[in-house]
Every structure is written in structure tokens, then in C-alpha cells.
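Below: one structure, written as C-alpha cells.
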Amino acid sequence: MSSSNLASVAVGRPVRGEFTYVVPEGLSGRLSPGQRILVPFGRSMSLGFFLGPATPPPEAESVKLKPIMKVLEDSPSLPPDLISLLRFAAEHYRYPLGEVIKSALPPGLTKAEMEKEAKPDVQEFAVALVTEAPAALRRAPAQSAALAYLLAVGGRAPLEEVAHAIPGARETLRKLVERGLVRIDAEVIAPGVKEGLGQGRPDRLTPEQDAAVKELHTAVDTGGFQPFLLHGVTGSGKTEVYLRAVERALSHGKGSLVLVPEIALTPQLVGRFRSRFGADVAVLHSGLKDRERLFHWQALRKGTVRIAVGVRSAVFAPVENLGLVVVDEEHDPSFKQEDKLRYQARDLAVVRAKQAGAVVVLGSATPSLETLENTRRGRYRKLELKNRVDDRPMPTIGLVDLRQERPREPLVQEEAPILSPPLLDAMAETIAKGQQVILFLNRRGHSTFLICEVCGTSVKCSECDVCLTYHRSQNRVVCHYCGVAHPLPEHCRECTGPLLKMGVGTERVEAEVAERIPQARVARLDRDSATSAERLTEMLASFARREIDVLVGTQMVAKGHDFPGVTLVCVVMADTSLAIPDFRAAERTFHLLTQVAGRAGRGKDPGRVLVQTYNPEADPVKRMLVHDFDGFAQRELERRKVLAWPPYTRMAAVRLEGESAEQTASVARQLGDFLSRRMPPASWGVRMLGPALAPISRIRGRTRWQLLLKAPTHAALAPLLARLEAKLVDIPSSVRVTIDVDPAAML
Ligand code: ADP
Ligand code: ZN
Numbered sequence: 252m253s254s255s256n257l258a259s260v261a262v263g264r265p266v267r268g269e270f271t272y273v274v275p276e277g278l279s280g281r282l283s284p285g286q287r288i289l290v291p292f293g294r295s296m297s298l299g300f301f302l303g304p305a306t307p308p309p310e311a312e313s314v315k316l317k318p319i320m321k322v323l324e325d326s327p328s329l330p331p332d333l334i335s336l337l338r339f340a341a342e343h344y345r346y347p348l349g350e351v352i353k354s355a356l357p358p359g360l361t362k363a364e365m366e367k368e369a370k371p372d373v374q375e376f377a378v379a380l381v382t383e384a385p386a387a388l389r390r391a392p393a394q395s396a397a398l399a400y401l402l403a404v405g406g407r408a409p410l411e412e413v414a415h416a417i418p419g420a421r422e423t424l425r426k427l428v429e430r431g432l433v434r435i436d437a438e439v440i441a442p443g444v445k446e447g448l449g450q451g452r453p454d455r456l457t458p459e460q461d462a463a464v465k466e467l468h469t470a471v472d473t474g475g476f477q478p479f480l481l482h483g484v485t486g487s488g489k490t491e492v493y494l495r496a497v498e499r500a501l502s503h504g505k506g507s508l509v510l511v512p513e514i515a516l517t518p519q520l521v522g523r524f525r526s527r528f529g530a531d532v533a534v535l536h537s538g539l540k541d542r543e544r545l546f547h548w549q550a551l552r553k554g555t556v557r558i559a560v561g562v563r564s565a566v567f568a569p570v571e572n573l574g575l576v577v578v579d580e581e582h583d584p585s586f587k588q589e590d591k592l593r594y595q596a597r598d599l600a601v602v603r604a605k606q607a608g609a610v611v612v613l614g615s616a617t618p619s620l621e622t623l624e625n626t627r628r629g630r631y632r633k634l635e636l637k638n639r640v641d642d643r644p645m646p647t648i649g650l651v652d653l654r655q656e657r658p659r660e661p662l663v664q665e666e667a668p669i670l671s672p673p674l675l676d677a678m679a680e681t682i683a684k685g686q687q688v689i690l691f692l693n694r695r696g697h698s699t700f701l702i703c704e705v706c707g708t709s710v711k712c713s714e715c716d717v718c719l720t721y722h723r724s725q726n727r728v729v730c731h732y733c734g735v736a737h738p739l740p741e742h743c744r745e746c747t748g749p750l751l752k753m754g755v756g757t758e759r760v761e762a763e764v765a766e767r768i769p770q771a772r773v774a775r776l777d778r779d780s781a782t783s784a785e786r787l788t789e790m791l792a793s794f795a796r797r798e799i800d801v802l803v804g805t806q807m808v809a810k811g812h813d814f815p816g817v818t819l820v821c822v823v824m825a826d827t828s829l830a831i832p833d834f835r836a837a838e839r840t841f842h843l844l845t846q847v848a849g850r851a852g853r854g855k856d857p858g859r860v861l862v863q864t865y866n867p868e869a870d871p872v873k874r875m876l877v878h879d880f881d882g883f884a885q886r887e888l889e890r891r892k893v894l895a896w897p898p899y900t901r902m903a904a905v906r907l908e909g910e911s912a913e914q915t916a917s918v919a920r921q922l923g924d925f926l927s928r929r930m931p932p933a934s935w936g937v938r939m940l941g942p943a944l945a946p947i948s949r950i951r952g953r954t955r956w957q958l959l960l961k962a963p964t965h966a967a968l969a970p971l972l973a974r975l976e977a978k979l980v981d982i983p984s985s986v987r988v989t990i991d992v993d994p995a996a997m998l
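Residue 998, in the working numbering, is where the sequence shown stops; the numbers in between run on with no holes.
The structure is reproduced here in C-alpha cells:
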């Protein structure tokens, strides 16, 4: 049997590895890599993906290889560079290749069906006919929200995208059409630079932007894999640099892939791409319907749309002739997927650029230490923007030592106040000037735990190893891990003593602002208040319209927002994320503080930041106060080196979860034994920590154990992980074991 009539196939089932099939006479010459095919598998038929010719297996004569039954499409759904990326992902993250491919493709292409009738490339666009919402809309919040979204993204967006941001927007937009505020255009998608090009394009770049753009242009012109870190302080105009690089790629007929953390939170960013490149941009977000996902996939695959802007999963978008990959806010934790294929999209973006021979730009004001270390080792070139656009100053940052600046007693003595006199004064002053304030605290709810005044017992979830959070608006205690909610207990279950409300959340901060500064218009932005995308968009739009003076919120307020009216940012408690048992706690704290501080002073008025803390000596707090990213990174890298944490080691976490505490513990020990007996030679430097109960030892009634593997390189870890993966078939299905390569969360 010659290799030319053997095919390597990924089967769309949760099975590991690639399979060899025979190419029947009638199909030879009709197969190209990336095609969806139909193959016999087990006792039934399965969707498969032709990957390329296979080498004959050693026992070729004895094995009865089965034939490919059918080819489901003429042109392959998967472009060649994606096939290599998906193969890499399956190998690196120890996940079945067929499942990896299925998770990358739009659902319409993951069924074993013939190719869908290609739809005409027509997309409906909503176009705003006004530049601001008329007063008459105030009483129609849904219409006002839809219009606000449209205006935020540059006045024009596909219907489907608005409908994602604002559920029910199709209906709402029709009403706006009746009012003469919006027009719907049907547009045939065709390749080429759109007439919209150039909208809002600044005539002059700052000298730093200019230098960065020149380097990127040269790289794009030369072609080939070239990785860059764009380290630019908040407000330095990183987006303009990306836009110019994308323009350049387009001028060479090349496509671009732009990854962003969260589209609903920062619609302005999408708006800037859209108003620059018009219909040449496909926006890929988590809310797309299957049909829409398929539409974008095909438009990109055909090359009729050449720029993809999207969240994490867009790293698999089939951009044709890829010339440029951008990862904005590359440090953002949302690039890590935490279930199924547990990939880090930023890392895959670099791999993809390498395989496609493209330029890749990782941008951030607070680069991850992994990226920074790659830069220090000379693997990535660094481009720096140290100043804000238009010579706007960086915000001045002041410290409020909570040990000295005790908040004054509140009017109603129920719980200890949290807003100190300097904070309250600064807020009142800012509001009096007609400017806006952001208050940041990364904890939602009213009180983060309840504790018995007599016996000290805290109120815990019955299903999870965590304390319940008190939500005053519902007058209930809620578990933030499993979602269970109970009425507020009146007293301690153990000793009937009174319960104290401890630990401050955003809900309590909001209440305290309302009580202390009654004239302020306050709103809260967190997952409890932004219950729908509609409310989220409306709240951000309302803050942008300056109908809100003080926005209290979790990390949702720290994202890349550009609100020129904000001149004061207050960090209610800098310490909250420091105590988390995770080696990245300091880094995460520094990132969050710097990002939220970066929201201040982005307009013509200078900004200031006040940071309340009980730990003014903590390194991330101290360094953030003086905008000292380099100093922080230097010290944190030294600490990581000493303790052998990433970026100086590569890690994999093996996580176990089961209903039975005994069985889970026993499987954990069994896997621990299995691994320790197969450890590579000591010189490879592989180490195992655990098995041990996870820091949160129970969630939803399931006991959790974990094992950590560390090694100087991923290559030293890979063989062990492969053996572990093969071993997983022997584990009883009542204990779920997952391998998390390059894990992000340690809990
Ligand atoms: P970053 O992402 O670095 O925080 P942005 O890209 O959001 O910063 O830019 C901050 C603001 O400066 C935006 O409102 C943007 O439109 C504006 N801007 C960027 N570059 C220029 C420029 N060269 N001239 C004038 N304004 C600019
Ligand atoms: Zn729970």
C-alpha cells in the first residue's frame, strides 16, 4: 500500500491522536488538506478532517484500514496555517485533535453534513442618522441603548452585532428607523478598501507612535515572523499604532487578526476599527448565532473580509494570507480559556503568527511577565510609548494609609465605613467641578463575609469551601462559586450569637457614597448590576453622557475605557487581591491598579488617583504609586526566579474533581504515584508538587485535588504529560481529571 492513497484524518470525536484511512479510487485527486469528510468510526459514521497523506503503519498488511466515505465540501474549511495551529494546540494542551478542530470551527461546519449553500455575501448594517440621542428617547431605554451602542462604535455596525450587544435590538432598530434616527443598509461584501477608510484618522502621530509605526511598517513590508511587544502607558495611543499596522498589511493584500479581551465592555475599540476599515472588518464575539458565525467564517475564508477583530476564540479565525496578528491588552486573564481546550489565546496567537510567517504585536500598559521575559531574552522586540497623546500628563497618584486616615463614623451606625476623609473630600471637589469619578473595588456584594461576634464562626456555603457574600439588594447571602442563595441568617448557626458584616463589597461602597455625598449621581458596574448586555451598554453610555457622577465597580471599570470626563479614580482597597494564594497575586494587583488608574485624566483636564490601603509597603502598591512598572517587574521577576515560578519554569496543573471525597483523594494519590514513577532523569529538572487538596477544596459539593508539575522548559514536561494523558482512560468516570497546561488560576 503506498502512502499516496493513505490519508491522515482527525476524527470529530473525543478521541486522541490522528487516524489513518484509505483514499478510495474515486476520491484520489479530490482531496486537499483541511477538507471535511465522512469516515466510518467504530460502528457508525463520523465527521472527519483530511489532514494530508499518511505514512503506512508498520503492520499495514494486517490492519484492515477503512476507506473515506465521502468528501463533504469542495474547498477546505480549514486553511493550512490553521491546521498546523490546531495540531499544535492538541499536542501542547493535551486535548483530542478532533475536539480541538470542532471547538475552532463554527457549529455549522462541525456536523457531518454536506457543505451549506453558500449564502450571498450580503450583510445588513444599521447606520445612525444622528450624532446624539434626542431627548425624546429618554423614555425609551431599549431604543436609547441601541442608539448609544451604534454611536459608540462609530455610527455604523452590522445588525447582528448590535443585536448581540443589545438583545432584541432587531426590533428596537426597526422602531428607530420609524423615528427616522437610523437607516438599515444591505451591503454586498466585496474585498477592497472601503470608502469609510480614514474616518477619525489623526493627521499626525506622536513622535513615539511614529517610531513604533515605522518599525512595524518595515516588519510588515519585509514579511516573515517578527514578534513585538508594544509597551505603551495608558492613553499613549496604542490603538492608532495597531490601526496603522493593519493598514499597511492591507496595502500588501494581507489580512490581519486582532484579539481583544472583551467587546461588550469596550465597544469604542471596535468602533475605531470599523470606522477605519468599514465592512472589511468581521467582529467575532461570544454572542454570535451559529448562522452568523458561519457567515463570518466563510467571508474570511474566501478573503472577502480581511480583518478579524475578536475575543479569545477569534485566534482560530480563518483570516486569509495572514500578515499581522495583534493582541491588545495581552496581559488580560480573559485570554485564557478555563474549560475544555484550556488554551491561552495570546500564546496561540504567537504560534499562529510563527506558522503563518506574520508579524505579531502584543500590546499593553502592563505586559505580562512572560511577555516581558521574552523581550528581555531578545525573542521579542520592544516598542515603547512612554508618554500620553497630546502631552497629557500621567495622573498623579496619592496614597491614603487606612491605618492613619480612619474613615469617619457613618450617619447610620451599622457597619464600619470605608471611605476616608481625603477620599470623600476629593470626590466632592471633583463632582463640584462637574467632573467624574471612578471608584474601584474588586469585590461585589455588600459584605464579603459574615462572622459570629461570639464564637467567630463564619457563614459558609454548604456545597463549597468558601464564605457566603451578603447582597443587601436581595437581602440574601450568595455563594460566588456555585450561585446558591439563602435568606440572610439572623444569627450564628453554631451558638446563636449575632453576626457581624465584614469585608466590603461594591454594593456597600455605592451605599456609602450615596449617604456621604447625597448630591452625587451614583451607579454601580459589576456582574450583579450589569445583568444584561443591554444594561451594561446603557450604563457605560450613560456615564459617557455624564448622567452619572460616580461609577463604582469591579475590574469591569478598569478595562480600556476612554471617558474624558473622569479626572478622579479612587481605589477603595488596594489590598484585596494581594492575599490570594496565587504566585501571580502581586502581578495581578499591579496590573489592576495601573489599569484603573489609567482611566483618569484622558481628556483635557489632568487626572488624579487616590489609593486607599492597609499595606502601603506592599511592593505592587508602592511601585504603582510612582508609575514604576520596570521596577516592579524587575523585583517580581527576581522573586519568581528564586521561587522557580513562571516565566522561569513551565507548569502544568492536574486537577481532580469528584463527588466522593475518599475516591477523589485515592485517585489523586494514584496519579501522584503514577507520575513519580515515570519522572524523567533528575537533570531534566521536572518537579511535582502534591497531590494536595486544592486551595478551594470543594465546589458544588465536589472535592477538588490538584497536582502541579514544574520544569525548566515545556519540552521537559511534554513526555510526562503525554503518558498522563494516555493513563486517563483508566480513571473511573466519577472522578474528573483535567490537564491544564500553562495554568492561569491557582485556586
Ligand atoms: P491606549 O490604548 O494606549 O490607552 P488609545 O489608543 O485609547 O490609548 O488613545 C487614547 C486617545 O488618544 C484616544 O482617544 C485616541 O483617539 C487619541 N489619539 C491616539 N493617537 C492620537 C494622535 N496621534 N493624535 C491625536 N489623538 C490621538
Ligand atoms: Zn457554593
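By construction, the Cβ of each residue, glycine as well, lies at the ideal position given by its N, Cα and C atoms.
- Taking residue 885 as reference, the option from 394, 298, 430 and 626 with the minimal CA-CA separation is 626.
- For the ligand ADP, no non-hydrogen atom lies closer than 7 Å to the CB of residue 777.
- Within the region 300-359, the complete alpha helix (DSSP H) segments of 4 residues or longer fall at 331-343 and 348-355, listed in chain order.
- DSSP places residue 472 in the helix class (H, G or I) of the three-state scheme.
- Considering only 733, 730, 629 and 752, the residue with the shortest C-alpha distance to residue 668 is 752.
- Closest option to residue 391, judged by alpha-carbon separation, among 364, 403 and 423: 423.
- Of all C-beta pairs linking the region 758-771 to the region 673-691, three or more are shorter than 8 Å, placing the two stretches in contact.
- In the three-state reduction of the DSSP assignment, residue 941 falls in the strand class, which pools E and B.
- Residue pairing from DSSP places residue 272 in a beta bridge opposite 258.
- For residue 400, no beta strand (DSSP E) run applies; the uninterrupted alpha helix (DSSP H) run containing it begins and ends at 392-403, by DSSP.
- Setting aside the 5 residues that flank it on each side, residue 262 is surrounded in the same chain by 270, 292, 297, 299 and 349, each with a C-beta closer than 6 Å to its C-beta; the list follows chain order.
- Within its own chain, the residues whose Cβ lies closer than 8 Å to the Cβ of residue 778, once the five positions on either side in sequence are excluded, are 695, 805 and 807, listed in chain order.
- Cβ atoms of residue 375 and residue 620 stay farther apart than 8 Å, at about 44 Å.
- Within the same chain, Cβ atoms closer than 6 Å to the Cβ of residue 567 are found at 355, the five residues on either side in sequence being excluded.
- By the beta-carbon neighbour count (other beta carbons within 10 angstroms, threshold 16), residue 401 is buried.
- These are the residues, in chain order, with a beta carbon less than 6 Å from any non-hydrogen atom of the ligand ZN: 712, 714, 715, 730, 732, 733 and 735.
- Note on geometry: alpha-carbon atoms of residue 488 and residue 735 lie some 43 Å from one another.
- The ligand ADP approaches residue 813 closely enough that one of its heavy atoms is under 7 Å from the residue's Cβ.
- The Cβ neighbour count for residue 930, taken over all protein chains shown within 10 Å, is under 16; the residue is labelled exposed.
- Remark: C-beta atoms of residue 575 and residue 500 approach each other more closely than 8 Å.
- When only Cα atoms are considered, residue 437 and residue 428 end up about 14 Å apart.
- Residue 506 is positioned such that its CB atom lies closer than 8 Å to that of residue 573.
- Using a 10 angstroms sphere on the CB of residue 706, the tally of other CB atoms stays under 16, which defines it as exposed.
- Listed in chain order, the beta strand (DSSP E) elements of length 3 or more contained wholly in the region 814-872 are 817-822 and 859-864.
- By the CB criterion at 8 Å, residue 613 and residue 562 fall outside the cutoff.
- In the structure shown, residue 488 adopts coil according to DSSP, grouped into three states.
- In this structure, residue 490 has its beta carbon less than 7 Å from a heavy atom of the ligand ADP.
- Secondary structure remark: continuous alpha helix (DSSP H) runs of at least 4 residues inside the region 727-811, in chain order: 757-767 and 784-795.
- Rounded to whole angstroms, the Cβ separation of residue 480 and residue 633 is 5 Å, and the two are in contact under 8 Å.
- Of the heavy atoms belonging to the ligand ADP, at least one sits nearer than 7 Å to the Cβ of residue 483.
- Contact annotation: residue 527 and residue 494 have beta-carbon atoms nearer than 8 Å.
- Taking C-alpha positions only, residue 394 is separated from residue 827 by approximately 38 Å.
- Residue 747 has its alpha-carbon roughly 41 Å from the corresponding atom of residue 590.
- For residue 548, the enclosing alpha helix (DSSP H) has its first and last residue at 541-553.
- Across the structure, residue 473 and residue 943 are spaced so that their CA atoms are roughly 51 Å apart.
- Here the C-alpha atom of residue 629 lies approximately 25 Å from the C-alpha atom of residue 834.
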